[in-house]
Amino acid sequence: MRFYAVSGSAARQRTECAIVGLYESGTLSTAAAQLDAVLGGRIARLVKRHDARGKLGECSLLDVDHAPCERVLLVGLGKKESFGRKQYKKAMLAAAAAVAKTGARDAVSFLSVEPIAATDAYYRGRLAAESVGHALYRVPAIRSTRQPPVPALKNFGVALAGKDQVKEAGRGLEHGRGIAAGAALTRDLANLPANVCTPTYLAKQARELAKQYRSVRAEILDEPELKRLKMGSFLSVTAGTDEPAKLILLRHDGGEKGEAPVVLVGKGVTFDTGGISLKQPPGMDEMKFDMTGAASVFGALKAAAEIGLKRNLIGVVPACENMPSGRATKPGDVVRSMSGQTIEVINTDAEGRLILCDALTYSRRFKPAVVVDIATLTGACVIALGAHTSAVMSNDDDLAAEIEEAGRRAEDRAWHMPMAEEYHDQLKSNFADFANACGRDGGAITAACFLAKFTDGLRWAHIDIAGTAYVTGAHKGSTGRPVPLLVDFLLHLP
Ligand code: BES
Ligand code: MN
Ligand code: ZN
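Residue 464 in our numbering is what sits at position 286 of the sequence shown, and the numbering runs on without skipping anything.
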């Protein structure tokens, strides 16, 4: 997709599809009114007959075949008073999905001309490009027949109210395109079935990224090296499977040589059966998404490479399967982590923390400025926050606030949850330094407390994406989250 920013009246903008807004009150957006004047009141008539009601995200397509455009896509913007960033993104997503169903090869959106609360030209461009990328994404379908048609759309323009905003919007479009490309990689990897997307496959994709981008390098550590590193916790999770585990290292060298890197650690459980603490069958297929943390690290690195982010970034991805077998770790087994601390494995289904803790210990060697881990870590997180908000926990309140802020700016929200000393008591063990699991109360927090035992002296945050990484139901699939949040966070680092 080629994105471009323009300014000026919709009445003079030539395009195959003009995207304009309608508010719930029946008020036409600025551009809709401009086109209505050229079209002899056709849009206003549509509204008068209640054929378009302006409900947020509701689209009507008009074939106008009349200069300056061939089609008008009228998009509902909801209530004018409450039109903000979230509504803008929702309207853009709906508009992009609707245009993609037409034969238009070119479209210009004028929704960005409207007043949008607290949203500058940069974010108008960026959120538009991200939304178009998101809406045009197609699941890598493994089908023998019925391949869905490829959208004709190739060029997408975003209109700004003033000429002076075009440059900033263009920068936003460029970043939005990079974020969309990163999120699409995340979605591809996460959507793939676990019999395709194995740890070995992820390692191969890391090498692919390194081939594609000059700034990116990849390194893969195999099981013999993990043993030499004494990653007994990570290895205890992979003990039950025949698929070899991998520790995947990815770097994007965009900053000064010697600048302390930002390390992103991603949970890469390519399938989580629960192990000997076997999960219930309903919904177990969704545990192929249990590597979305890893996939979001890949996506963030891809976006950074696309954008040319001027930062040193390192991705650390422990990848393995969690399977039951005669060699699998059993409840009650005690394992020694790379840090030297011993862990009683009370529940083999609390495997994410067992692979992350060794990856966090490993990340120390990079003397990082910040470490952020991303994981589909707990069902408790889904109970606490549902499907719309990721959880963030940190040993540094300022860092947690920065991540929350990035989530707000990127419209990819996260909420800071507490992590006080009292919660740590729940992880006490009679047989090891601590246990990997405890009662259900505060499950997302106790999981973070477990990880905190490996992050002493690091500036660290943990993002639990169990609720936000994918959607269930008819539209089951990866969301590409939290790539927008991560990239926004990286772009705003001091
Ligand atoms: N991968 C799951 C967490 C999960 C659950 C992600 C639902 C997405 C949706 C994780 O490995 C897990 O099984 N966690 C357990 C921890 C418990 C045994 C302490 C959980 O949340 O039940
Ligand atoms: Mn599990
Ligand atoms: Zn898991």
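Cβ atoms here follow ideal geometry from the backbone N, Cα and C, with glycine treated the same way. The structure displayed is predicted, hence computed values, not measured ones.
Using 10 angstroms around the beta-carbon of residue i, count the other beta-carbons present and answer buried if the total reaches 16, otherwise exposed.
{"i": "K341", "result": "exposed"}
{"i": "A423", "result": "buried"}
{"i": "S503", "result": "exposed"}
{"i": "Q383", "result": "buried"}
{"i": "V328", "result": "exposed"}
{"i": "R708", "result": "Within the shown structure, residues of the chain are numbered from 179 to 672, placing residue 708 beyond reach of any answer."}
{"i": "H430", "result": "buried"}
{"i": "F609", "result": "exposed"}
{"i": "N373", "result": "exposed"}
{"i": "I561", "result": "exposed"}
{"i": "H640", "result": "buried"}
{"i": "S322", "result": "exposed"}
{"i": "G256", "result": "buried"}
{"i": "R365", "result": "buried"}
{"i": "E397", "result": "exposed"}
{"i": "A196", "result": "buried"}
{"i": "I320", "result": "exposed"}
{"i": "S414", "result": "buried"}
{"i": "A569", "result": "buried"}
{"i": "A579", "result": "exposed"}
For residue i and residue j, I'd like the C-alpha separation in whole angstroms.
{"i": "L370", "j": "K466", "result": "8 Å"}
{"i": "D298", "j": "V291", "result": "11 Å"}
{"i": "P439", "j": "D284", "result": "40 Å"}
{"i": "A274", "j": "A313", "result": "6 Å"}
{"i": "V216", "j": "L240", "result": "14 Å"}
{"i": "P660", "j": "F334", "result": "24 Å"}
{"i": "H244", "j": "G356", "result": "35 Å"}
{"i": "A269", "j": "G235", "result": "5 Å"}
{"i": "G651", "j": "M462", "result": "13 Å"}
{"i": "M469", "j": "T539", "result": "19 Å"}
{"i": "E599", "j": "D575", "result": "15 Å"}
{"i": "T624", "j": "F612", "result": "12 Å"}
{"i": "G564", "j": "V441", "result": "27 Å"}
{"i": "G620", "j": "A358", "result": "34 Å"}
{"i": "G444", "j": "P460", "result": "26 Å"}
{"i": "D511", "j": "N500", "result": "15 Å"}
{"i": "F412", "j": "I454", "result": "16 Å"}
{"i": "L289", "j": "A210", "result": "9 Å"}
{"i": "H353", "j": "V344", "result": "14 Å"}
{"i": "F632", "j": "G348", "result": "42 Å"}
{"i": "G658", "j": "I643", "result": "11 Å"}
{"i": "E589", "j": "P402", "result": "42 Å"}
{"i": "Q265", "j": "R249", "result": "23 Å"}
{"i": "E308", "j": "R591", "result": "15 Å"}
Can you tell me whether residue i sits near the ligand BES, meaning its C-beta is under 6 Å from at least one heavy atom of the ligand?
{"i": "N525", "result": "yes"}
{"i": "T556", "result": "yes"}
{"i": "A423", "result": "no"}
{"i": "A615", "result": "yes"}
{"i": "A276", "result": "no"}
{"i": "A644", "result": "yes"}
Does the beta carbon of residue i fall short of 6 Å from some heavy atom of the ligand ZN?
{"i": "V447", "result": "yes"}
{"i": "D284", "result": "no"}
{"i": "D468", "result": "yes"}
Could you check if residue i belongs to the surroundings of the ligand MN, using beta carbon to heavy atom distance under 6 Å?
{"i": "E464", "result": "no"}
{"i": "E499", "result": "no"}
{"i": "D450", "result": "yes"}
{"i": "E529", "result": "yes"}
Does residue i have its Cβ less than 7 Å from a Cβ in chain D?
{"i": "F476", "result": "Absence of chain D from the displayed structure is noted, only one protein chain being present."}
Curious, which full-length alpha helix (DSSP H) runs of at least 4 residues does the stretch 593 to 662 contain? 599 to 602 and 621 to 630
With a floor of 3 residues, list each beta strand (DSSP E) that falls wholly inside the stretch 197 to 245, ordered by position along the chain. 237 to 244
Which runs of the alpha helix (DSSP H) spanning at least 4 residues fall entirely within the stretch 251 to 332, listed in chain order? Counting only runs of 4 or more residues that sit fully inside the stretch 251 to 332, the alpha helix (DSSP H) segments are 263 to 278 and 299 to 314, in chain order.
Please specify which runs of the beta strand (DSSP E), each continuous and at least 3 residues long, are wholly inside the stretch 358 to 443, giving them in chain order. 394 to 399 and 424 to 431
Where are the beta strand (DSSP E) runs, 3 residues long or more, that stay fully inside the stretch 466 to 541, in chain order? Those beta strand (DSSP E) runs which fall completely within the stretch 466 to 541 and span 3+ residues are 490 to 500, 512 to 514 and 520 to 522.
Which runs of the beta strand (DSSP E), 3 residues or longer, sit entirely within the stretch 546 to 600? Segments of the beta strand (DSSP E) lying fully in the stretch 546 to 600: 548 to 553, 568 to 572 and 592 to 594.
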